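With the sequence shown counted from 1, adding 3 to any position gets you this note's numbering. Glycine included, each C-beta is placed from N, C-alpha and C at the ideal position. These numbers come from a predicted model, not from an experiment. One structure below.
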Amino acid sequence: NAARRNLPTLAKTGSYYDREAKIPADVIKAIPAEVQLVYWDYYHEEQAFYREHIERHRAMGKEPVMASGVWTWGLPWHDMDHTRRTATPCVAACRERKVTELLFTMWGDDGAYCEFDSAMTGLAYVADLAYGCDTADDKNLARRFAAVCGADYHTIVDAAGLMSGSA
Numbered sequence: 004n005a006a007r008r009n010l011p012t013l014a015k016t017g018s019y020y021d022r023e024a025k026i027p028a029d030v031i032k033a034i035p036a037e038v039q040l041v042y043w044d045y046y047h048e049e050q051a052f053y054r055e056h057i058e059r060h061r062a063m064g065k066e067p068v069m070a071s072g073v074w075t076w077g078l079p080w081h082d083m084d085h086t087r088r089t090a091t092p093c094v095a096a097c098r099e100r101k102v103t104e105l106l107f108t109m110w111g112d113d114g115a116y117c118e119f120d121s122a123m124t125g126l127a128y129v130a131d132l133a134y135g136c137d138t139a140d141d142k143n144l145a146r147r148f149a150a151v152c153g154a155d156y157h158t159i160v161d162a163a164g165l166m167s168g169s170a
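Right, here's the structure in full:
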């Protein structure tokens, strides 16, 4: 809309993740006290990047809600490889910086053709991360997954690898 087109661009690159962007004090002051800010990030693979952006939100006087993703977009099956590469450093940074609210999204982009039940492995994985479980040895995760979902964790993860080409 016309009003939106007249807003100043705060990031020279136009990117939400622009490390050089500065939020003006008058913009920060205009955010109502009862509004929570959500730091959306599905893409970064470095814990340091998440740490920095968590602190950028806090510098605005807000405790961020972190939103990461269990990758259900772009493929017909959950993309476990992307989920692991992005959620693992995200959760580690949240734990280190003591972020108290963390959520994981699943999107239906590009025609919403992902078999969403395949994402249960990703949800189980990020739940273990969030609760501080050791995900390097996924025997316990596979056992819990079988008990809760009635399916074999490794079979579904292997199928995810076939879909993404990482198998």
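Could you tell me which whole beta strand (DSSP E) segments of length 3 or greater appear in the segment 19 to 106?
Fully enclosed beta strand (DSSP E) runs of no fewer than 3 residues occupy 41 to 43, 68 to 72 of the segment 19 to 106, in order along the chain.
Counting C-beta neighbours from all protein chains within 10 Å, is the total for residue 31 16 or more, i.e. buried, or is it exposed?
Exposed: under 16 other Cβ atoms inside 10 Å.
Kindly indicate which three-state DSSP category residue 4 falls into: helix, strand or coil?
Reliability fails at residue 4, whose pLDDT of 42 lies under 50, so the model's placement of it is uncertain and no value is given.
Segment contact, 8 Å Cβ cut-off, at least three pairs: the segment 76 to 94 with the segment 43 to 54:
Because the criterion of three Cβ pairs below 8 Å is met, the segment 76 to 94 and the segment 43 to 54 touch.
Compute the beta-carbon to beta-carbon distance between residue 147 and residue 127, rounded to the nearest angstrom, for a pair I have assumed lies under 8 Å.
Contact flag correct, Cβ pair sits at about 7 Å.
When you compare only the Cα positions, how much space is there between residue 159 and residue 67?
Annotation: residue 159 to residue 67 spans about 33 Å, alpha carbon to alpha carbon.
Tell whether a beta-carbon distance below 9 Å holds between residue 135 and residue 81.
For residue 135 and residue 81, no; Cβs fall outside 9 Å.
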